[in-house]
Each structure stands twice: as C-alpha cells, then as structure tokens.
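Below: one structure, written as structure tokens.
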C-alpha cells in the first residue's frame, strides 16, 4: 500500500462510505444512507463518483422480494482508501507540529 492523498476519497461523505465498506465485504444502500444520515440522491451521487473512479461496485441481485442495492469496495478502492488514511495519519505525525497545537489543526 502506498501512502497517497486521494481527492476522490477525501470528500467527507465518500471518506465515511469507504470507512464503512472497508470494515465489511459489502453494505446495503439503505444502511449506508442511514449511517451517513443523507438523502438517497446525495448517497447516489457519492457512490457514482466512487464507482466512476473504479473504487466500488454496485449490484442489485434479483430474487424473491424487494430488489436491494449492495455496494462493495473493489481491491483498487481498498488500496485507495488505505493509502488515503495513511496520508492523513502522516499529516498528524509530521515532525515539528505538536499534537493539539493550533498549527496542527491547519
């Protein structure tokens, strides 16, 4: 994994989506919506950006009952998220900026 700040992942809602998906193999659309506390349209927009970047897949398996939308991080998405988290950690671990100082907040 390489440490790399990723503009696609960085947006707060997309970062939270990646965090949820990194902790599981997949999540249902409704669960992500409820965890983020956003409207369907907002979640759809962020999922589309991540999908276009190749960071996640969206599936709607058919079967009995209501069709549910499932979202999963791809291997590339997991690498991007992990690299982004490492880059953020590196910002906080930068030498010369004591934790809790006004300069540490930016």
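Residue numbers (the UniProt record's numbering): 1 to 106. Cβ atoms here follow ideal geometry from the backbone N, Cα and C, with glycine treated the same way. In this text the structure is predicted, and so the values were computed from the model without any measurement.
The C-beta distance from residue 35 to residue 20 rounds to 6 angstroms, short enough to fall under 8 angstroms. For the set 59, 45 and 4, the Cα lying nearest the Cα of residue 70 is the one of 59. Nearest to residue 74 by alpha-carbon distance, out of 27, 7, 38 and 63, is 27.
By the CB criterion at 8 angstroms, residue 18 and residue 54 fall outside the cutoff. Ranked by how close their Cα comes to the Cα of residue 31, the residues 11, 63, 62 and 68 have 68 in first place.
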